[in-house]
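Chains as they are written, first to last, in my numbering: chain A, 9 to 573; chain B, 9 to 573.
The beta carbon of each residue, even a glycine, is placed where N, CA and C say it ideally should be.
Since we're looking at a predicted model, the values are computed, not measured.
Structure (structure tokens):
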């Protein structure tokens with residue numbers, strides 16, 4: 009009896025860490041800290057679908073574990089305003105019972121703007137925090153600290169918990185010369201480290217990259233070279249989320265007396281939010297509308313837009329295709345791709361670049377010169393963070409599994425003991441006490457939840473598999489009206505096929521298929537016994553499938569419909 | 009009269025160069041040289057489809073221009089045995105009327121092996137050539153010269169034509185220390201240059217890469233480090249076409265007393281061809297079958313396989329998924345990805361790497377250390393080629409448009425006059441005389457011809473667009489049996505839907521859709537006038553489409569079927 013009690017006490021004294029997304033993947037960041045009955049949420053991000061997830065819009069974290077525990081959620085804190093940290097809020101907040109949210113001014117602005125697209129939801133309970141703000145949420149005392157990234161108002165979290173202090177770095181890089189932001193305050197970081205850090209959870213996105221990330225100042229200088237030498241228009245494409253890069257382009261345009269026209273839905277929206285909140289500064293008269301471009305000489309124009317990833321409907325693609333009304337590429341234009349290429353987008357970006365080059369523009373991209381810097385610390389910075397925080401335990405977060413493994417390796421190099429490092433994945437439950445960190449055997453659901461249009465989580469494996477079959481071979485629907493009395497097919501079966509063969513040139517194939525169907529049905533119904541329609545449909549599927557494969561080496565989805573008339 | 013004749017004479021004296029593939033893309037290389045009535049073909053490659061070309065196997069060159077000109081083809085020469093130079097032969101050769109083919113011993117071996125998969129074709133008329141072989145085909149005198157690449161038996165072409173000498177470099181790089189091949193013979197190249205080169209057509213694949221390509225010797229040394237330090241099994245994945253890399257792995261395995269098991273259909277086939285022709289050398293007893301792996305200690309095993317690109321059905325993917333019977337990944341294994349990642353495959357390669365790391369192996373890939381070198385000359389080599397050949401005219405070949413542009417820029421740096429450089433694209437006709445090179449306004453068809461199963465060119469835009477619609481939103485077939493006499497729908501309409509929503513959880517949606525269909529039909533047939541079935545189908549499509557979009561924000565392909573009974 010005594011023993012059991014002791015065990016129980018020890019168990020309730022450990023802190024449970026449950027990553028629901030962002031570990032073993034880039035994006036969809038969400039994590040829970042659970043102490044006794046209290047649960048703290050850190051971030052609620054989404055990610056974009058994999059290639060084979062046809063038709064899917066986003067992937068969001070699975071929150072089944074929180075079902076029925078809504079009362080226990082003490083709050084949710086957000087590190088910064090990128091969608092891989094806030095994008096899932098509209099899809100999750102109702103099911104979470106609208107817990108109190110805490111975010112910086114800019115992050116709050118972006119969250120609220122997006123929320124306006126979901127008018128059926130209740131208003132959010134959101135509180136603005138600043139650098140050094142401290143809040144108490146149940147047993148968690150959270151202090152926000154400034155970190156450089158490529159969006160302003162980005163905060164790491166110093167969390168005092170009953171088992172010890174935890175640091176979550178947020179996405180970060182060290183930058184002594186940032187743009188549109190204050191430099192990293194190393195003294196502040198060291199002061200945090202001196203308070204004693206039991207567990208450091210640090211951003212692994214750059215853990216496979218050697219050295220130190222580029223300073224935004226270096227990027228600025230390289231971009232300035234382009235501005236200095238360009239006599240025609242400058243067309244700059246970047247991510248709409250790279251607020252600091254947008255500021256750089258605007259500042260350079262002002263320096264070189266260029267007006268700035270901006271287009272692209274998210275880009276315009278972000279610039280509007282940031283200007284209202286004073287995170288982007290523009291001189292009076294700098295911004296013009298795209299319609300006004302033609303009023304100014306080419307040397308006085310900067311055009312800032314989305315689409316550096318080759319997104320199909322983004323402005324840069326429309327420009328490259330000659331479909332954008334206010335600007336056509338011509339000789340003398342300089343086009344800047346100021347962003348990295350997201351894995352999977354290489355081919356479309358190449359297509360876009362080629363198309364722009366064909367029209368006579370000069371193209372600058374990050375492989376030619378350093379006109380883009382990632383927002384994530386690289387190996388030397390990551391090691392420095394470990395040296396500053398001197399944690400007892402270490403857990404890499406944010407990134408593909410290979411990045412987590414590489415980050416764990418860096419921690420080893422910084423003399424963190426192997427047994428004190430946990431490489432965890434989504435859904436695993438980690439137990440933390442002052443003495444040890446442990447990957448338990450417990451797992452909570454953390455599989456992908458897919459958003460497709462208005463549906464959240466309703467597209468599962470079956471629907472996706474069907475989409476893949478349809479994508480590869482199209483479909484082949486056979487409709488046979490069968491006479492109830494004679495068991496014979498009335499007239500000729502209808503065939504509806506799409507995405508399989510070009511029908512106009514396949515008349516013989518269709519004719520033969522129809523004949524086969526008539527034969528299959530007659531044979532099965534001819535005996536006079538009770539007709540087994542399921543068997544007939546199966547036979548049609550099997551035999552017509554084999555016939556079409558033999559003739560074409562393709563496998564359309566075959567759907568037989570038998571109507572008794 | 010005199011004037012016209014003069015014009016005609018000048019015209020017939022120019023050589024026409026017609027690239028049918030490989031310019032503005034990587035792969036699908038094929039080019040025509042046409043002088044008066046004679047046509048020479050250089051290479052017949054294929055390429056892999058773009059992401060949005062759902063279900064397509066390969067893309068091959070469009071040879072419509074040669075239709076009816078079969079008698080004028082004097083022959084086809086092949087530079088080397090990679091599929092982007094020979095892969096389209098089985099799909100084109102019949103339509104070309106089986107012209108005589110000329111290829112090196114290894115290239116011939118690969119061509120003939122592949123041809124065996126197309127038993128319905130006639131035997132090829134193929135002649136083996138060697139380094140320095142000279143052949144005369146109509147007005148073209150072709151001399152083959154050795155070039156380094158990553159497959160042996162690769163030849164550049166020195167072509168004497170009535171207008172002057174043309175050099176086609178083939179894919180190449182300069183390597184003083186190649187593996188499994190002789191070093192670049194610069195004296196030979198210089199000798200060719202001294203004969204006078206009117207036009208140089210040079211490989212642009214590496215034109216955006218600075219400096220010099222890595223020597224295979226460097227790769228060998230880095231691979232040797234891994235062999236020296238590995239105590240467990242070595243699993244090496246590479247392209248099956250990288251014959252020289254395969255030789256390196258075998259040689260290192262022999263040096264470090266490892267047996268080599270090989271698996272993967274194309275890898276085994278290529279090793280077999282190369283061993284038979286003595287292009288890959290193995291000691292007696294080196295090769296074992298995958299079944300025998302378990303007979304040897306881990307430190308004595310190298311496993312060589314395909315799948316470094318994350319191809320779904322390749323051996324490495326099966327190993328990573330635990331589905332390969334003869335080898336399961338375990339701690340102590342070293343997995344080498346000795347190949348670059350083809351644009352578009354980044355995500356699947358990352359998935360594969362992560363999966364292998366999770367199972368405890370160490371992973372080596374080309375981003376961590378130089379264990380892969382491309383087969384293509386980089387900027388310094390390309391400039392050197394131009395300096396050696398000293399051509400009057402220059403035309404970049406093989407590569408994306410941005411690569412051709414970058415290569416043209418290098419030629420300018422090497423003092424080729426801008427007007428003497430032609431950046432051409434597939435299907436454009438280039439006229440060459442001793443005095444000038446000119447991009448004419450004439451264009452021949454060079455669009456993609458898609459191979460899907462047994463169909464060549466029958467999958468066009470309509471079929472592809474349908475596949476994309478089906479891929480994104482699935483399909484929704486509505487079948488209504490309508491009573492001929494009353495114009496009313498008999499019973500409830502059938503709905504067949506796949507890839508749209510999960511049907512079991514969408515019963516209300518389907519019920520409502522059925523009701524709507526009944527209403528649409530009744531309304532249209534109720535008047536007693538002649539029934540316009542096309543109108544009814546259109547209405548069903550429109551109204552049900554709008555209804556489903558409103559309810560789900562998805563757009564399945566809607567196919568109404570009305571059967572009169």
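Through-space distance from residue j to residue i, alpha-carbon basis
| i | j | result |
| --- | --- | --- |
| residue 342/B | residue 253/B | 17 Å |
| residue 72/B | residue 453/B | 7 Å |
| residue 262/B | residue 285/B | 20 Å |
| residue 523/B | residue 507/B | 22 Å |
| residue 85/B | residue 37/B | 12 Å |
| residue 328/A | residue 337/A | 7 Å |
| residue 105/B | residue 514/A | 26 Å |
| residue 287/B | residue 58/B | 33 Å |
| residue 95/B | residue 419/A | 49 Å |
| residue 243/A | residue 56/A | 26 Å |
| residue 359/A | residue 344/A | 15 Å |
| residue 308/B | residue 265/B | 6 Å |
| residue 561/A | residue 555/A | 10 Å |
| residue 357/B | residue 558/A | 33 Å |
| residue 301/B | residue 312/B | 12 Å |
| residue 433/B | residue 90/B | 22 Å |
| residue 113/A | residue 160/A | 10 Å |
| residue 529/B | residue 504/B | 18 Å |
| residue 208/A | residue 149/A | 16 Å |
| residue 99/A | residue 63/A | 18 Å |
| residue 176/B | residue 165/B | 5 Å |
| residue 68/B | residue 457/B | 5 Å |
| residue 520/A | residue 485/A | 15 Å |
Per DSSP, cross-strand counterpart(s) of residue i
| i | result |
| --- | --- |
| residue 7/A | Because residue 7/A is not part of the residues shown, which for chain A are 9 to 573, the question remains open. |
| residue 33/B | 407/B |
| residue 58/B | Paired residues: none, contrary to the question. |
| residue 221/B | Beta-bridge pairing links residue 221/B to no other residue. |
| residue 463/A | 460/A |
| residue 135/A | 110/A |
| residue 310/B | 242/B, 268/B |
| residue 43/A | 23/A, 46/A |
Cross-chain neighbours of residue i in chain A, by beta carbon under 7 Å
| i | result |
| --- | --- |
| residue 58/B | 355 |
Contacts that residue i makes with chain B (C-beta to C-beta distance below 8 Å)
| i | result |
| --- | --- |
| residue 565/A | 506 |
| residue 352/A | 352, 354, 355 |
| residue 259/A | Simply none; closest approach about 29 Å. |
Chain B residues whose Cβ lies nearer than 9 Å to that of residue i
| i | result |
| --- | --- |
| residue 545/A | Here the premise fails: no neighbours, minimum Cβ distance about 11 Å. |
| residue 513/A | 466 |
Chain A residues whose Cβ lies nearer than 9 Å to that of residue i
| i | result |
| --- | --- |
| residue 525/B | Within 9 Å Cβ-Cβ: nothing; residue 525/B doesn't reach chain A, min ~15 Å. |
Worksheet item: In chain order, what residues of the region 404-434 of chain A put their CB closer than 7 Å to some CB of chain B?
Response: 408, 409, 410, 413
Discussion item. I want to know whether the region 267-277 of chain B touches the region 294-302 of chain B - three or more CB-CB distances under 8 Å.
Written reply: yes
Worksheet item: For the region 130-144 of chain B, which residues have a beta carbon sitting closer than 7 Å to at least one beta carbon of chain A?
Response: Result list empty, no residue passes.
Item to complete: Give a yes or no on contact between the region 366-386 of chain B and the region 409-419 of chain B, applying the rule of three or more CB pairs nearer than 8 Å.
Response: no
Item to complete: Could you please tell me which residues of the region 457-481 of chain B, in chain order, have their CB closer than 9 Å to any CB of chain A?
Response: Result list: 460, 461, 462, 463, 466, 467, 468, 470, 471, 472, 473, 474, 475, 476, 477, 478, 479, 480, 481.
Worksheet item: Any residues in the region 57-78 of chain A with a beta carbon nearer than 8 Å to a beta carbon of chain B? Which ones, in chain order?
Response: 58, 59, 62, 63
Worksheet item: So does the region 179-186 of chain B actually touch the region 207-227 of chain B, counting three or more Cβ pairs closer than 8 Å?
Response: yes
Discussion item. Residues of the region 480-500 of chain A in Cβ contact with chain B at a cutoff of 7 Å, in chain order, please.
Written reply: 480, 481, 482, 483, 485, 487, 489
Worksheet item: Just checking, does the region 487-496 of chain B make contact with the region 21-37 of chain B on the three C-beta pairs under 8 Å criterion?
Response: no
Worksheet entry | chain B contacts made by the region 194-212 of chain A, where a contact means CB separation under 7 Å | For the region 194-212 of chain A, no residue has a beta-carbon sitting nearer than 7 Å to a beta-carbon of chain B.
Discussion item. Tell me whether the region 438-455 of chain A and the region 426-441 of chain B touch, counting them as touching only if at least three CB pairs, one residue from each stretch, are closer than 8 Å.
Written reply: no
Practice prompt. Say whether the region 188-197 of chain B touches the region 108-122 of chain B, bearing in mind that this needs 3 or more beta-carbon pairs closer than 8 Å, one atom from each stretch.
Written response: Too few Cβ pairs lie closer than 8 Å, so no.
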